[in-house]
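Heads up: the sequence shown is residues -19 to -1, 1 to 139, going by mature numbering (1 follows the signal peptide of the UniProt record, and there is no 0).
Even for Gly, the Cβ is constructed at its ideal location relative to N, Cα and C.
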Amino acid sequence: MKYLFFIVILTILTQFSSSSNAPDDSIKYIQEWADGLQAAVKNGDKPAIKSFFYKNAIFLTCEHTNSSSRPYEVKSYRGENLVDLLAKPNPKFGIHVLSSHYYKGNEEHAVAFLVITGFGDPIAHTDFFFNINETAQFVIGEYLACGWAKMNCRKVCE
């Protein structure tokens, strides 16, 4: 229930996001990505889960340690480790797309503000990068390794 309150507050705070101005309506495509990934995770479909991630995508979790000096650490998952993590039964897993915007720099991609639940505290980060794969579907790409961890994992990256 506390996660629902957290998500509702974030949704209200981002209601005037730039997503409605995205030329490609990126929030719609990222929501389709989130819905598809959640269905694949629910079914434990490893090939389908893998198809939702760019080849070098990194997913970070914030895990408790037994150390009093550093009670949390960031653990990164990629490739088959990422697929195995998501394929485990996890009834609390959820992806909530709060906003997105289209970015055209050296490469064209979308940047989304996502909240991911089911791995301890909710992972809330504004810079999940999405690329367009060969089949013109959005897939999650890399993002700064210490981005959300600095906010949510108590200075583990410093």
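query	result
Ordered list of beta strand (DSSP E) runs contained in the region 8 to 86, each at least 3 residues	40 to 45, 53 to 58 and 75 to 85
Chain-order list of residues whose beta-carbon lies under 7 angstroms from that of residue 64 (same chain, five-residue window excluded)	27, 30 and 31
Within-8 angstroms CB hit, residue 98 to chain D	The chain inventory of the structure shown lacks chain D, comprising one protein chain alone.
DSSP-derived helix/strand/coil call for residue 111	strand
Sequence-distant residues of its chain with Cβ nearer than 6 angstroms to residue 17 (five each side left out)	none
Residues bridged to residue 94 [DSSP beta-bridge criterion]	80
8 angstroms Cβ cutoff met for residue 57 and residue 41	yes
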